[in-house]
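K.L.:
With the first letter of the sequence shown counted as 1, position 432 gets the number 421 in my numbering; the numbers rise by one all the way through. Even for Gly, the Cβ is constructed at its ideal location relative to N, Cα and C. Computed from a prediction, not measured in an experiment: that's the story for all the values here. Sharing a structure here in structure tokens format.
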Amino acid sequence: MQLINLSGSLETSAIKNHSATKPQYRRSSRMQKQMKGLGFFPLCLTAAVLYGASLAHASGGFNIPTGAPPSPLFGAKPFSQKMLLFEEMNSLPLSKCSDCASTLPQPNDTHSSPDSMALDTFLKEPIHPFPTEQANIVMPNPWQSLIETHTGPLKFSATEGRPGGEFYSHQRWNEFPPETYVQTAQAGARTNTGFRDKGQRHGWSNGEFAPGGLYHNTTGRAGSKGTTAGIEPRLHPKMPVQQPNSVWTFDGTFPPKLVVARYGVPMVFRHYNALPIDEKTNNGFGFHLISTHEHNGHNPAESDGFAHAYFYPGQFFDYRWPMILAGHDTINTDKSDPRAGTPDGNGGIMRIRGDYRETMSTHWFHDHMLDFTSQNVYKGNAAMMNYYSALDRGNEGMDDGVNLRLPSGTALDWGNRDYDVNLALADKAWDQNGQLFFNIFQTDGFLGDQMTVNWAYKPYFEVRARRYRFRILNASVARWFQVALVNAAGQPVPFHMVANDGNLMEHAVRFSDAVLPSQGIAERYDIVVDFGQFKPGDKLYFVNVLEHKDGKGPNKQIPLDQVVSGKYKGDPVVGKFLEFRVKAYDGVDLSMNPADFEPGKKQMIPLPGFTAEELANAKHRTFEFGRANGSDDKPWTIKTDGGQGLNMDPRRLSAAPDKGGIEIWHLKNGGNGWSHPIHVHFEEGQILKRGGLPPPEWEKWARKDVYRIGDMPDTLDSVEFAIRVREFVGTYMEHCHNTTHEDTAMLLRWDSQNPGQVIAIPTPMPDWDGVDYVETNETDVPSFKTGDANVK
């Protein structure tokens, strides 16, 4: 085997227990010692937890297998706190700072994140060192001396954790040089100081964020007007503050974070790792290594967040997001189509290359650390990202013949969030001290027993009597949702779906029964609700009607009338979880009426589509998700093209589409009672069949990046979709987004390759003192290049 060091030279190295045909993945000895150190858990946990057993929830004896007693509420009542809106991580113009010399502030010890004020002061400075095409492996990790008190002597720990050399250099750097940047640090929970107040695009002075607006007061309590300062990391004012080792978030603070971005304006997302050096400082779960995945950006592989391209405390990783439309190289190359564009900030459109039908809108980003994604995302490594474009401008008043005028507001040229609201839904559990709890021994999928929205336990949200857009993200570990909308009397309130995953649909779909389809983990559903039919003082509710009994998948949909009447006494996360309080609206609602875009009427964004010839000549691949050949600790596997079930090995290449190629992927469920939301990185697909049948209306008009397979009536056990691979090459992933399944170990690597490429790029192997490369295994899945010859 060849080991490729950072200088790019080759040296021979024997890897212990390595087989040329079936490599057994081995971490470094230092990494293995780190992971063994993670066996430190709170003393209050029972023997049932240590053996992965389930404890009954107090609600009628219904069993929610958290592995702990029911989460105490500390006197908190539903709908007694205001929902927090997402806080923007402001993007700034990128320019070099000639006299900047400070580094990420060092913590006092190996058990801490940096001092709160020192961290804020640093994050407010201009970005430095300046982003570079290849990783900055010359400057040292500023924490190295402190790290060595924990690890022992290191050779050299670089300031940037991105793998060095050409393999992970930024592709097409000179074509898409970053123009803006965002910087943040993953850190232990702390009180928000308001340091991002000045970076909010609304400036606390426009629209509903201005004095007198619904959202000028962030918490509904005194002292919260026009600021996030003072917001503590707690799930309800009556609940305990989360400790720094219990919750790790972007900036280390609440509210959850949002990046707003425009097509045609490339950006660098600099992510610092300010987590404790000692891996045991984690309240029993979570790992202090990070790999950030922007789900599902059309981004080069080195910025996609590969599960084995992680970085360490004290380091940063520069993710460069080009913000281009798919088809940039081949479609609309003369920029003649005004629908392919972005707001110019002055009421006009800056035209860009690419296929306007590939325009995306609602994204999120989160940790993708190998084996620890579920723990780290649950612990707080998750945020959202809104893409703005000529079509989805975020200004409902701009009537230029291109802008779709979705509910948003009019105060800003683009990106108004007055009536455009991000919602992150997640079930959580906490221990008897109120600290976030996670059972690391649960391999079916961790379930919480309480519901949160934007990190708040069952909040309320004030709305004007007009149309709203809600971007609903399932940010759970293993729990699926099925969201309904009812009025105070429990009667259904119909609404429209306008986007599925990151993509606005060709047609809006009306849900007359007011119940959305089941929503797997990581799926996003954008809906438009018209509160204009209600009067001030009215209340409405979002309700979850999908029952779980374990983490393998949802059990069944509960009839809406049984849930809202209180007759249902089962799963405690089934029920009302968000209360809307209608307020008077004296403005003019200029937003689009989704009823005008129903099937047979106007189009929003037409599907790119595939010709009959393209589909007839497409390469096919088959992936079956189940437990074949799994082990007790890694039960979940994937069969590729009829081969054996395999666990994740970051060195194994399972599929290698050619850049520019068209393929049809067949996803199959490998067992009864299981459900898997399958995510394919990098490119969206168009569903051709679900369970051998035409897809339902809300998928017929949509492009997807998460594909549900399972036992639910609206899901079925197989899905086929067509996909194009364009613009970039490198290593991506496909996996179950039940992140417990992913971590144990339903995850595979696929590479986008140049036509004619015969050698896969090597695999990064990070450690505290640098990143080496090992050659990639191309023998375990012999069909990685040809696909499944038995399917046509």
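Whole angstroms are fine: how far does the CA of M486 sit from the CA of V708?
P.N.:
When rounded, the distance between both Cα atoms is 21 Å.
K.L.:
In three-state terms, what does DSSP make of N582?
P.N.:
Residue state, collapsed to three classes: coil.
K.L.:
Nearest by alpha-carbon distance to G241: which of D267, V249, V553, D104 is it?
P.N.:
Out of D267, V249, V553, D104, D104 has the C-alpha closest to the C-alpha of G241.
K.L.:
Expressed to the nearest angstrom, what Euclidean distance is found between the alpha-carbon atoms of I53 and R460?
P.N.:
Whole-angstrom Cα-Cα distance: 28 Å.
K.L.:
Just list the beta strand (DSSP E) runs in the segment 171 to 214, keeping only unbroken ones of 3 residues or longer that don't cross its boundaries, in chain order.
P.N.:
The segment 171 to 214 contains no whole beta strand (DSSP E) run of 3 or more residues.
K.L.:
Quick check: what's the CA-CA separation for Y762 versus D756?
P.N.:
Their backbone Cα atoms lie some 11 Å apart in a straight line.
K.L.:
Exposed or buried, what is V747 when buried is set at 16 or more other beta-carbons lying within 10 Å of its beta-carbon?
P.N.:
Result: exposed.
K.L.:
Roughly how many angstroms lie between the CA atoms of P152 and E283, to the nearest whole one?
P.N.:
Distance between the alpha carbons of P152 and E283: 18 Å.
K.L.:
Would you grab the beta carbon distance between P332 and R382 for me? Rounded to a whole angstrom, and I think it's under 8 Å.
P.N.:
Right, the Cβ-Cβ distance comes to about 5 Å (below 8 Å), so this counts as a contact.
K.L.:
Whole angstroms is fine: what's the gap from D769's alpha carbon to R640's?
P.N.:
Whole-angstrom Cα-Cα distance: 10 Å.
K.L.:
Do we get a CB-CB distance below 7 Å when we pair N125 with the residues of chain C?
P.N.:
Looking at the structure shown, chain C is missing, and only one protein chain is on hand.
K.L.:
Using the C-alpha atoms, what's the distance from G56 back to A37?
P.N.:
At A37 the pLDDT is 35, less than 50, meaning the model places this residue with poor confidence; the figure from the coordinates comes in the next sentence. When rounded, the distance between both Cα atoms is 7 Å.
K.L.:
Got a sec? Which residues, its chain only, sit under 6 Å from W419 by beta carbon, not counting five neighbours each side?
P.N.:
Excluding residues within five positions, the ones whose Cβ falls inside 6 Å are S60, L425, F426.
K.L.:
Please confirm whether L264 and Q175 have their CB atoms less than 7 Å apart.
P.N.:
Yes, these two residues count as a Cβ contact at 7 Å.
K.L.:
Going by C-alpha distance, which of L493, K608, P245, H352 is nearest N443?
P.N.:
For N443, the nearest C-alpha among the options comes from P245.
K.L.:
My understanding is that P396 touches Y408, with C-beta atoms under 8 Å, so please give their C-beta distance in whole angstroms.
P.N.:
With 8 Å as the limit, P396 and Y408 qualify as a contact, their Cβ atoms being about 4 Å apart.
K.L.:
Taking only runs of the alpha helix (DSSP H) that begin and end inside the segment 344 to 389, which ones reach a length of at least 4 residues, in chain order?
P.N.:
Entirely contained in the segment 344 to 389, the alpha helix (DSSP H) runs reaching 4 residues are, in chain order, 362 to 368.
K.L.:
Round the Cβ separation of P595 and E495 to the nearest angstrom and send it over; I've been treating them as touching at under 8 Å.
P.N.:
P595 to E495, Cβ: 5 Å. Contact.
K.L.:
Using a Cβ-Cβ cut-off of 6 Å (strictly less than) and excluding sequence neighbours within five positions of H159, which residues of its own chain qualify?
P.N.:
Contacts found: E122, R309.
K.L.:
Can you tell me the Cα-Cα spacing of L44 and A503, whole angstroms?
P.N.:
Reliability of the predicted coordinates at L44 is poor, the pLDDT of 47 falling under 50, and no value is obtained from them.
K.L.:
Does the pairing of the segment 702 to 721 with the segment 516 to 525 give three or more beta-carbon distances under 8 Å?
P.N.:
No contact exists between the segment 702 to 721 and the segment 516 to 525.
K.L.:
Cα-Cα, which of D326, V466, Q675, K528 is closest to K572?
P.N.:
Here the closest residue by C-alpha is K528.
K.L.:
Closer than 8 Å is the cut-off here; do at least three beta carbon pairs connect the segment 573 to 580 with the segment 461 to 476?
P.N.:
Segments in contact, no.
K.L.:
My assumption, with CB atoms under 8 Å, is that H317 sits in contact with G343. Please give the rounded CB distance.
P.N.:
Confirmed, Cβ separation roughly 4 Å.
K.L.:
Count Cβ pairs between the segment 167 to 185 and the segment 722 to 737 that sit closer than 8 Å; are there 3 or more?
P.N.:
Contact fails: fewer than three Cβ-Cβ distances are below 8 Å.
K.L.:
Assign Q603 to one of two classes, buried (16 or more other C-beta atoms within 10 Å of its C-beta) or exposed (fewer than that).
P.N.:
Strictly speaking, residue 603 in this sequence is Glu, with Gln absent from that position. When all chains shown are included, E603 counts as exposed.
K.L.:
Return the Cβ separation of M440 and F239 in integer angstroms, given the expectation that the two are a contact with Cβ distance under 8 Å.
P.N.:
Wrong, their Cβ atoms sit about 22 Å apart, outside the cutoff.
K.L.:
Looking at the secondary structure, which residues open and close the alpha helix (DSSP H) in which W739 lies?
P.N.:
Note, W739: premise wrong, no alpha helix (DSSP H); beta strand (DSSP E) at 736 to 741.
K.L.:
Return the CA-CA distance between K214 and T208, expressed in angstroms with no decimal places.
P.N.:
Each residue's Cα considered, the two are about 8 Å apart.
K.L.:
For M358, which residues from the same chain have a beta carbon less than 7 Å from its beta carbon, with the 5 sequence-adjacent residues on both sides left out?
P.N.:
F276, L278, I279, S280, A296, Y299, N365, listed in sequence order.
K.L.:
Let's test the definition: count the other Cβ atoms within 10 Å of the Cβ of N97 and tell me whether it reaches 16, buried, or not, exposed.
P.N.:
When all chains shown are included, N97 counts as exposed.
K.L.:
Classify T133 as helix, strand or coil using the three-state DSSP reduction.
P.N.:
Here the sequence assigns Gln to residue 133, which means Thr is not the residue at that position. Helix.
K.L.:
Can F470 and Q508 be called in contact, C-beta distance under 7 Å?
P.N.:
Yes, the Cβ-Cβ distance between F470 and Q508 is below 7 Å.
K.L.:
Thinking just about the alpha-carbon of each residue, which of R713, S643, V760, G776 is nearest to the one in M722?
P.N.:
M722 has its Cα closest to that of S643, out of R713, S643, V760, G776.
K.L.:
Could you compute how far the alpha carbon of A778 sits from the alpha carbon of P646?
P.N.:
Those two C-alpha atoms are separated by around 14 Å.
K.L.:
Contact between the segment 190 to 207 and the segment 129 to 138 is defined here as three or more beta-carbon pairs at a separation below 8 Å; is this criterion met?
P.N.:
Cβ pair count under 8 Å is below three, so no.
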